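Colleague: Last residue of the sequence shown: 110 (full-length UniProt numbering), numbering continuous.
For each residue, glycine too, the CB sits at the ideal point set by N, CA and C.
None of these values were measured; they are calculated from a predicted model.
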Amino acid sequence: MVELKNGETYSGFLVFCDRFMNLHMKNIICTSKDGDKFWKISECYVRGNSVKYIRVQDQAIEQAIEETTEQKTRNMGRGRGGRGRGRGSGRGTDGRGGRGGHMKRGGSRY
1 MVELKNGETY SGFLVFCDRF MNLHMKNIIC TSKDGDKFWK ISECYVRGNS VKYIRVQDQA
61 IEQAIEETTE QKTRNMGRGR GGRGRGRGSG RGTDGRGGRG GHMKRGGSRY
């Protein structure tokens, strides 16, 4: 059940919710602000900034928590890999690490 800031309520099946709380719903019964008019809507989109209140079944919340914990355990250990050069490894090549540094045998500095 979703209550909007204008007082209307939408009861139905929540298909999708994004990070801005925009809702895509199906099989909705819309109730007017004063509760005397009803509409049956097959599909609707509710913009997040108009939402005042959302009531979700406990079962749906528990299922969402389980899914996120499963995703976290599946993605464990998938870091960026290896030991990178890190910060400050400097300019230049030949492993000397930046300006100056030691010279290789037989080479000249300039």
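Could you check whether L4 and S50 sit closer than 7 Å to each other, using their CB atoms as the reference points?
Modeller: As a position in the sequence shown, residue 50 is number 50, starting the count at 1. As a position in the sequence shown, residue 4 is number 4, starting the count at 1. Going by C-beta atoms, S50 is nearer than 7 Å to L4.
Colleague: Using 8 Å for Cβ pairs, my map puts K26 next to S42. What's the rounded Cβ distance?
Modeller: Translated into positions along the sequence shown, residue 26 becomes position 26. Translated into positions along the sequence shown, residue 42 becomes position 42. About 7 Å separates the beta carbons of K26 and S42, which is inside the 8 Å limit, making them a contact pair.
Colleague: What is the C-beta distance between C30 and E8, in whole angstroms, given that I count them as a contact (C-beta under 8 Å)?
Modeller: Your numbering for residue 30 matches position 30 in the sequence shown. Your numbering for residue 8 matches position 8 in the sequence shown. For C30 against E8, the beta-carbon gap comes to about 6 Å, under 8 Å, which counts as contact.
Colleague: Under 7 Å between the Cβ atoms of G48 and M21?
Modeller: Position 48 of the sequence shown holds residue 48. Position 21 of the sequence shown holds residue 21. Cβ distance < 7 Å, so G48 and M21 count as in contact.
Colleague: What span of residues does the alpha helix (DSSP H) with E62 cover, start to end?
Modeller: Counting from 1 along the sequence shown, the entry for residue 62 is found at position 62. Counting along the chain, the alpha helix (DSSP H) containing E62 begins and ends at D58 to R74.
Colleague: Going by DSSP, name the residue or residues bridged to V2.
Modeller: As a working note, residue 2 is residue 2 in the sequence shown. Answer by DSSP bridge pairing, in chain order: Y10 and I54.
Colleague: Whose C-alpha, out of Q71, Y53 and E66, is nearest the C-alpha of M1?
Modeller: As a first step, residue 1 is located in the sequence shown; it is residue number 1 there, counting from the start. Comparing Cα positions, the closest option is Y53.
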